[in-house]
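Engineer: Structure provided below as C-alpha cells; questions to follow.
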Amino acid sequence: MILQWYSLNKRDLPWRRTSDPYKIWLSEVMLQQTQVETVIPYYEKWINHYPTIKSVALENIDNLLKIWEGLGYYSRCRNFHEAIKDIFYNHKGVIPKQIEDFKSLKGVGVYISGAVMSIAFDQTHIAVDGNQSRIIARVLGVKNQTSRNLKRINNYLTKLVKEGNPSEINQALMDMGSNICKSNKVICVDCPFHFSCKAFQSGHPLSYPKKILPKTIPTKTIAAALVSHGDNIFITKRPLKGLLGGLWELPNIELVNGEIPEDLLKIKLADQFGLTIKVGHKLGMINHTFTHFKMNVLLYNCQAKDQPLSKNTEKWVSFSDLNQYAFSKANHKLFKLVELRND
DNA sequence: TAGTCGTGGGG
DNA sequence: TCCCCAAGACT
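Residues 391 to 733 in the working numbering are what the first sequence lists, from first letter to last.
Here is the structure:
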C-alpha cells in the first residue's frame, strides 16, 4: 500500500538521483530542521564544489562555512567536516556500513544513521524523523510523547521496514509527512493508512500528537560597530563552538541595562581588540530572530586611529572583499543598512 | 533532560 | 506583523 502510494507520489529530488552514500548523507545533514526547497540550491552548490569525500576532507572549515552561509545551524557543517576527515584519515575514505560505527561519527545521530544506512545501503533500519513520528502517532492515536509511546511508534515502524524495502518505506513516509500528513494540514482520503488510522477515526486528526506549547523568548539589545580606517573595515571571527560558530561579524556588545552604546563600544573595542576608535553617528537598526531569542542591533559608524591586529581571528578588509567571508544573516542586514545609506 | 542551535516560507 | 513550522544532534 505505502509503496504503491510512493510510486505515484515520489518527489524528484537531487539526492534521490544518486546512490552515493556521501551525497545522501550530506542531504540528510542539510535537511535537519530545514525545508527541502531551501536545501536544494545549497546541496547543488556543495556537490559542485566538493563532489567527493576527499575534496571535503582536504578543505578548510572557513571555505566550507562560506558554502553553508545562510543555511543556519552551522555546527552541522563543522561536525560534517570532522566526520568526513575522520573517514578519510581513519577509515580509508570509506563510509562505515555498520550502523554503530557510522553513528559514532560527529553529527550523526539516531535519525541520520538509520536514514543513510537504509537509503544508501538498503539496510533494515528505521529513520524516525518528525514526519515518521507524527504519522505513526496519528495511526496509533497517540497524543503524548511519553517514552512508552515513543517505543510503540518505534516498534510499529520496525515492523513496517521489516516487511521489505526499508529505503523506499522510509522515504515514502517522509513524502507522506510533507504532502498529506502535515503538522497543521491533512488529506486523509489520499493516505494509504487512513482505514486503520486512529486519528482519522477520531475525526480530529490534527490533535495528534499533542502540540507542545512554545515558551516566550527574550529580546536582547546589541550595539555593533562599523569600524573604518581608510577603505578598510574591521571584522572578527566568532569562536568555533556555540552560536554562529566560526562565522565572521562586526564587533558588537550587548547592552544590558541602559548603558550608553557609544561609551560601551569605545571601552569594549579597546579592551577586546586594542582598537582606538571615535564613535560617530548611528547608521540604523535591524531586528533578527533566532530560535531562542530576538535581538535589536544598533549599528554605529566608527573611525579607527590605526589598524592593529592581535589575532588571526581579526581582519581589516575592504567593503568589496566582504563576500569572501561567511557572515550570519543579521550581519548581512547590517551591511544592507550601510549600502542603503551610500546609495 | 531541557536548552541550545538559524533561517525562510506560509498562514 | 506575528507565529508556527521544517528529513535533529549535542550537551
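Yeah, the Cβ is synthetic: ideal placement off N, Cα and C, and Gly gets one too.
Fair warning: this is a prediction, and the values are worked out from it, not measured in the lab.
Tell me, which residues are paired with residue 747 by DSSP?
Structural biologist: It is not possible to answer for residue 747, since the shown part of the chain is limited to 391 through 733.
Engineer: Determine whether the beta carbon atoms of residue 550 and residue 543 lie at a separation below 7 Å.
Structural biologist: Stepping through the first sequence from its first residue, residue 550 is reached at position 160. Stepping through the first sequence from its first residue, residue 543 is reached at position 153. Cβ distance not < 7 Å, so residue 550 and residue 543 don't count as in contact.
Engineer: Under three-state DSSP, which class holds residue 485?
Structural biologist: The residue labelled residue 485 in the question sits at position 95 within the first sequence. The answer is coil: DSSP assigns residue 485 none of H, G, I, E or B.
Engineer: Have a look at the DSSP bridge pairing and note the partners of residue 626.
Structural biologist: The residue labelled residue 626 in the question sits at position 236 within the first sequence. The partner list for residue 626 (beta bridge, DSSP) reads 639 and 704.
Engineer: By alpha-carbon positions, which one of 726, 567 and 509 ends up nearest to residue 713?
Structural biologist: Position 323 of the first sequence, counted from the start, is the residue given in the question as residue 713. The option with the nearest alpha carbon to residue 713 is 726.
Engineer: Specify the secondary structure class of residue 531 as computed by DSSP and reduced to three states.
Structural biologist: Here residue 531 refers to the residue found at position 141 of the first sequence. Residue 531 falls in the coil class under three-state DSSP.
Engineer: Would you mind working out which of 577, 587 and 689 sits nearest residue 526, comparing C-alpha positions?
Structural biologist: Within the first sequence, numbered from 1, the residue matching residue 526 stands at position 136. Checked all of 577, 587 and 689; the closest Cα to residue 526 is 587.
Engineer: Between the alpha carbons of residue 480 and residue 511, how many angstroms are there, rounded?
Structural biologist: Working through the first sequence from its first residue, we reach residue 480 at position 90. Working through the first sequence from its first residue, we reach residue 511 at position 121. For residue 480 and residue 511, the distance between alpha carbons rounds to 21 Å.
Engineer: Based on Cα-Cα distance, which residue from 666, 418 and 462 lies nearest to residue 615?
Structural biologist: Taking the first sequence and counting its residues from 1, the one referred to as residue 615 is at position 225. Nearest of 666, 418 and 462 to residue 615, Cα basis: 666.
Engineer: How is residue 409 classed by DSSP in three states: helix, strand or coil?
Structural biologist: Sequence index remark: in the first sequence, residue 409 carries index 19 (1-based). Here residue 409 sits in coil by DSSP.
Engineer: Along the alpha helix (DSSP H) that carries residue 660, what are the first and last residues, could you check?
Structural biologist: As a working mapping, residue 660 is identified with position 270 in the first sequence. 651-663 is the extent of the alpha helix (DSSP H) around residue 660.
Engineer: Near residue 556, what residues of its chain come up, given a Cβ to Cβ distance below 6 Å and the 5 sequence neighbours on each side ignored?
Structural biologist: Within the first sequence, numbered from 1, the residue matching residue 556 stands at position 166. Within the same chain, residue 556 has close Cβ partners 508 and 514.
Engineer: Do residue 685 and residue 570 have their C-beta atoms within less than 7 Å of each other?
Structural biologist: Looking up residue 685 in the first sequence gives position 295. Looking up residue 570 in the first sequence gives position 180. Contact: no.
Engineer: With respect to the alpha helix (DSSP H) encompassing residue 551, which residues constitute its N-terminal and C-terminal limits?
Structural biologist: The residue labelled residue 551 in the question sits at position 161 within the first sequence. Per DSSP, residue 551 belongs to the alpha helix (DSSP H) from 537-552.
Engineer: Grab me the residues of residue 466's own chain with a C-beta within less than 7 Å of its C-beta, minus the 5 sequence neighbours each way, in chain order.
Structural biologist: Here residue 466 refers to the residue found at position 76 when the first sequence is read from its first residue. The answer, listed in chain order, is 419, 422 and 497.
Engineer: Tell me whether residue 459 sits in a helix, a strand or coil according to DSSP, three-state version.
Structural biologist: Along the first sequence, read from residue 1 onward, the residue named residue 459 stands at position 69. Coil.
Engineer: Taking residue 483 as the reference, give the member of 506, 442 and 520 with the closest Cα.
Structural biologist: Within the first sequence, the letter at position 93 stands for residue 483. Answer by Cα proximity: 442.
Engineer: Mind checking residue 522: buried by the 16 CB within 10 Å criterion, or exposed?
Structural biologist: Sequence index remark: in the first sequence, residue 522 carries index 132 (1-based). Label assigned to residue 522: buried.
Engineer: Considering Cα atoms alone, identify which of 581, 673 and 650 is closest to residue 566.
Structural biologist: Along the first sequence, read from residue 1 onward, the residue named residue 566 stands at position 176. Ranking the options by Cα distance to residue 566, first place goes to 581.
Engineer: Determine which residues share a DSSP beta bridge with residue 586 and list them.
Structural biologist: The sequence position of residue 586 within the first sequence is 196, counting from 1. None, per the DSSP bridge assignment.
Engineer: Rounded to the nearest angstrom, what separates residue 530 and residue 520 at their Cα positions?
Structural biologist: In the first sequence, the residue the question calls residue 530 occupies position 140. In the first sequence, the residue the question calls residue 520 occupies position 130. For residue 530 and residue 520, the distance between alpha carbons rounds to 15 Å.
Engineer: Do residue 432 and residue 461 come within 7 Å of each other at the CB atom, strictly closer than that value?
Structural biologist: Locating residue 461 in the first sequence gives position 71, counting from the first residue. Locating residue 432 in the first sequence gives position 42, counting from the first residue. In this structure, residue 432 lies closer than 7 Å to residue 461 by Cβ.
Engineer: With three or more C-beta pairs closer than 8 Å as the rule, is the stretch 632-644 touching the stretch 693-701?
Structural biologist: No, the stretch 693-701 is not in contact with the stretch 632-644.
Engineer: Rounded to the nearest angstrom, what separates residue 478 and residue 494 at their Cα positions?
Structural biologist: To locate residue 478, count along the first sequence from 1; it is residue 88. To locate residue 494, count along the first sequence from 1; it is residue 104. Each residue's Cα considered, the two are about 15 Å apart.
Engineer: Counting C-beta neighbours from all protein chains within 10 Å, is the total for residue 731 16 or more, i.e. buried, or is it exposed?
Structural biologist: Indexing the first sequence from 1 puts residue 731 at position 341. Exposed.
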